[in-house]
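Single-structure report; data block below.
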Amino acid sequence: MAGISTFFKPILWFITCIGVVIFICEYLVYYVVMFQCSWPDISVGKNYKHDGQTSDSAWLFSGKPLGSSARGPAIVNRETRSSKHEQEQNVEDLRAIFIADTHLLGSRLGHWFDKLRREWQMERGFQTSLTLFSPEAVFVLGDLTDEGQWASDMEFEATAKRFRKMFHHSPDVYFKVVVGNHDVGFHDFMSKRKLERFSDAFNSSGVEVVTLKNNSFVLVNSMAFHGDGCSFCSSAQTKLRGVSERLNCSRFGHQGGDKQKEKGKSRCSHYRSLPAAPPILLQHFPLYRPTDEMCSGIDGTPLDEKYIPHGQRREVLSQKATDKLLSWIHPRLVLSAHTHHGCYIVHQNVTPEISVPSFSWRNRKNPSLILASISPTSIAINKCFLPEEYLILILYAASGVTMATYILYYLVCILCRHRWRHVKEL
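Residue 1 is where the sequence shown starts when you use UniProt numbering, and the numbers rise one by one after that.
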């Protein structure tokens, strides 16, 4: 019996060690790394400390958007809407998470192990964020799928089902997605059927307004702002005009946004009132920028790509669509995705935009999510990084070397004891 115990003891130890290593590398490491992140304090001011290595610098946008001039856009009518605005200032901040470009693979691209590995990473990262941060809202900024533009209805539904499993959440968390080009195709490859099945699967429409805790979010389909007068573009423009009028009525009491004009006030009675604070614009494509040269952020575009001109309507929105969104919506902040890289930029010295990097190891080595504390008057943002893949590989390699060393040591000890026993018998 002693011999059997001696034989099975190292095997049991080895199996236990493997289980512990897998638990650490595939579960515990997410908590250790992301525990260093925190919700930004919206009341501190404009200067924030870094939350360790896992948190990028935080931004605060208070009152007018960062960088706005004295003649900046009338984002808040402090004179005529002061009582309503002061009431909104007392509302508890909204805590929201923003992620982007999950790119769930289909049957055409990637290896099955690549799919398994990356999807597990995103699921663990997201579920860990829910446990640690308990957000009230989660927004996904497009490209949920990687092959939605080509997939059959059956394959698309299977991918959507996987997405819902990976990003499952409690009913009290508001979860909203924005459509991306990989979900329905670029403008020339969109179809009514693709848009309908995406809408059915994720409860998303082309242009819509969401209100949470007196904060308005305008969500748009970037591919529907091509500007060629197609049915998708015409529908999106009509909806956007309605959203613009509704926002202006809530801010100024006039659908045209001009406080001095009386004509058209009657139209406001047809719109449901929105919060007086300017909205946050959510979309997949970034607003127009010639290159990423002006972008800042530690997870920004690599130097060999930073100066490559962006193609309008493919990498970024066109200049015309950008001007229309900024002038019609007057957002206090724009959150976008698509490039897979982080970017912070201010448009026209008035409107800040943050491009949210990809959430998947497939697209970058240091995926991240945005933690945002949002009130009607201020927005504070932290960026929280997930564990990098090389860290997981180092942990596995170090654990493997340690176990191999111990096994070798154990075998040498057994051999030495056996020889010593043999010598004593002689």
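Cβ coordinates follow ideal geometry from the N, Cα and C atoms, glycine included.
As assigned by DSSP and simplified to three states, the class of residue i
{"i": "ALA397", "result": "helix"}
{"i": "VAL76", "result": "Confidence at VAL76 is low in this model, with a pLDDT of 29, below 50, so the placement of that residue should be treated as unreliable; the coordinate-derived value is given next. Here VAL76 sits in coil by DSSP."}
{"i": "THR291", "result": "coil"}
{"i": "SER269", "result": "helix"}
{"i": "ARG164", "result": "helix"}
{"i": "THR145", "result": "strand"}
{"i": "LEU282", "result": "strand"}
{"i": "ARG417", "result": "helix"}
{"i": "VAL138", "result": "strand"}
{"i": "SER250", "result": "helix"}
{"i": "PRO65", "result": "Caution is warranted here: a pLDDT of 35 is assigned to PRO65, below 50, making its placement in the model unreliable, and the coordinate value is therefore given only provisionally. It is coil, neither helix nor strand."}
{"i": "LEU109", "result": "coil"}
{"i": "LEU104", "result": "strand"}
{"i": "ASN181", "result": "helix"}
{"i": "GLN237", "result": "helix"}
{"i": "SER244", "result": "helix"}
{"i": "ASP188", "result": "helix"}
{"i": "CYS37", "result": "coil"}
{"i": "GLU389", "result": "helix"}
{"i": "residue 429", "result": "In the structure as shown, the chain begins at 1 and stops at 426. Residue 429 is therefore absent and cannot be evaluated."}
Per-residue burial, residue i [other beta carbons within 10 Å of its own, 16 or more giving buried]
{"i": "PRO367", "result": "buried"}
{"i": "ALA154", "result": "Strictly speaking, residue 154 in this sequence is Met, with Ala absent from that position. Label assigned to MET154: exposed."}
{"i": "LYS165", "result": "exposed"}
{"i": "PHE359", "result": "buried"}
{"i": "residue 450", "result": "Since the first and last residues shown for the chain are 1 and 426, residue 450 lies out of range."}
{"i": "ILE379", "result": "buried"}
{"i": "TRP361", "result": "buried"}
{"i": "CYS295", "result": "buried"}
{"i": "CYS384", "result": "buried"}
{"i": "HIS284", "result": "buried"}
{"i": "TYR344", "result": "buried"}
{"i": "ARG289", "result": "buried"}
{"i": "TRP112", "result": "exposed"}
{"i": "TRP39", "result": "buried"}
{"i": "ASP172", "result": "exposed"}
Terminal residues of the beta strand (DSSP E) in which residue i lies
{"i": "ASN221", "result": "Element bounds for ASN221: n/a, residue is neither H nor E."}
{"i": "LYS383", "result": "378-385"}
{"i": "PHE175", "result": "174-177"}
Host alpha helix (DSSP H) of residue i (start-end)
{"i": "THR128", "result": "112-133"}
{"i": "THR211", "result": "Unbroken run through THR211 is the beta strand (DSSP E), 207-212; no alpha helix (DSSP H)."}
{"i": "SER199", "result": "192-202"}
{"i": "TYR30", "result": "29-34"}
Paired residues, beta bridge with residue i - DSSP
{"i": "ARG95", "result": "SER373"}
{"i": "SER296", "result": "TYR344"}
{"i": "ASN215", "result": "LEU212"}
Interface flag, residue i vs chain C, CB-CB below 7 Å
{"i": "TRP112", "result": "Although the question refers to chain C, the structure presented lacks it and comprises just one protein chain."}
Quiz item: Can you list the beta strand (DSSP E) stretches of 3 or more residues lying completely in the stretch 301-373, in chain order?
Solution: 333-336, 343-347, 351-355
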